[in-house]
(Lines of atoms letter the chains of each structure in order from A and count residues from 1; the text may use other names and numbers.)
(Lines give C-alpha, C1' and ligand atoms only; values in the text may rest on other atoms or scores of the structure.)
Protein backbone atom coordinates (compact mmCIF):
# COMPACT_ATOMS: atom_id res chain seq x y z
CA UNK A 1 0.00 0.00 0.00
CA UNK A 2 2.68 2.47 1.07
CA UNK A 3 4.90 1.57 -1.91
CA UNK A 4 2.03 2.16 -4.36
CA UNK A 5 1.33 5.55 -2.79
CA UNK A 6 5.01 6.48 -3.01
CA UNK A 7 5.07 5.43 -6.67
CA UNK A 8 1.96 7.51 -7.44
CA UNK A 9 3.47 10.59 -5.79
CA UNK A 10 6.67 10.12 -7.80
CA UNK A 11 4.67 9.84 -11.03
CA UNK A 12 2.70 13.00 -10.23
CA UNK A 13 5.95 14.88 -9.47
CA UNK A 14 7.46 13.64 -12.73
CA UNK A 15 4.44 14.70 -14.80
CA UNK A 16 4.52 18.16 -13.20
CA UNK A 17 8.24 18.42 -14.02
CA UNK A 18 7.55 17.50 -17.66
CA UNK A 19 4.71 20.02 -17.83
CA UNK A 20 6.96 22.71 -16.34
CA UNK A 21 9.69 21.98 -18.91
CA UNK A 22 7.16 22.16 -21.74
CA UNK A 23 5.99 25.55 -20.44
CA UNK A 24 9.48 27.05 -20.16
CA UNK A 25 10.81 25.60 -23.43
CA UNK A 26 10.17 28.79 -25.52
CA UNK A 27 12.02 30.87 -22.92
CA UNK A 28 14.89 28.38 -22.91
CA UNK A 29 15.13 28.72 -26.70
CA UNK A 30 15.34 32.51 -26.41
CA UNK A 31 17.99 32.33 -23.69
CA UNK A 32 20.04 29.86 -25.69
CA UNK A 33 19.82 32.19 -28.69
CA UNK A 34 21.02 35.14 -26.61
CA UNK A 35 23.86 33.02 -25.22
CA UNK A 36 24.73 31.90 -28.74
CA UNK A 37 24.97 35.50 -29.92
CA UNK A 38 27.16 36.51 -26.97
CA UNK A 39 29.35 33.47 -27.62
CA UNK A 40 29.78 34.51 -31.26
CA UNK A 41 30.76 38.06 -30.33
CA UNK A 42 33.20 36.73 -27.75
CA UNK A 43 35.02 34.96 -30.56
CA UNK A 44 34.99 38.13 -32.70
CA UNK A 45 32.62 36.94 -35.40
CA UNK A 46 30.82 39.69 -37.20
CA UNK A 47 27.21 40.47 -36.36
CA UNK A 48 25.78 38.94 -39.52
CA UNK A 49 27.34 35.55 -38.80
CA UNK A 50 26.13 35.70 -35.20
CA UNK A 51 22.62 36.57 -36.35
CA UNK A 52 22.70 33.76 -38.91
CA UNK A 53 23.75 31.25 -36.25
CA UNK A 54 20.99 32.43 -33.90
CA UNK A 55 18.59 32.25 -36.83
CA UNK A 56 19.55 28.63 -37.52
CA UNK A 57 19.17 27.80 -33.84
CA UNK A 58 15.67 29.27 -33.58
CA UNK A 59 14.48 28.50 -37.12
CA UNK A 60 13.22 32.02 -37.77
CA UNK A 61 13.82 33.95 -40.94
CA UNK A 62 13.81 37.51 -39.60
CA UNK A 63 17.37 38.43 -40.55
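In this note's numbering, the protein residues as written are 398 to 460.
Glycine residues also receive a C-beta, built at the ideal position from the N, C-alpha and C atoms.
- Residue 398 sits in coil when the DSSP states are folded into three classes, being neither helix nor strand.
- When only Cα atoms are considered, residue 410 and residue 421 end up about 17 Å apart.
- Cα atoms of residue 415 and residue 436: separation of roughly 29 Å, rounded to the nearest angstrom.
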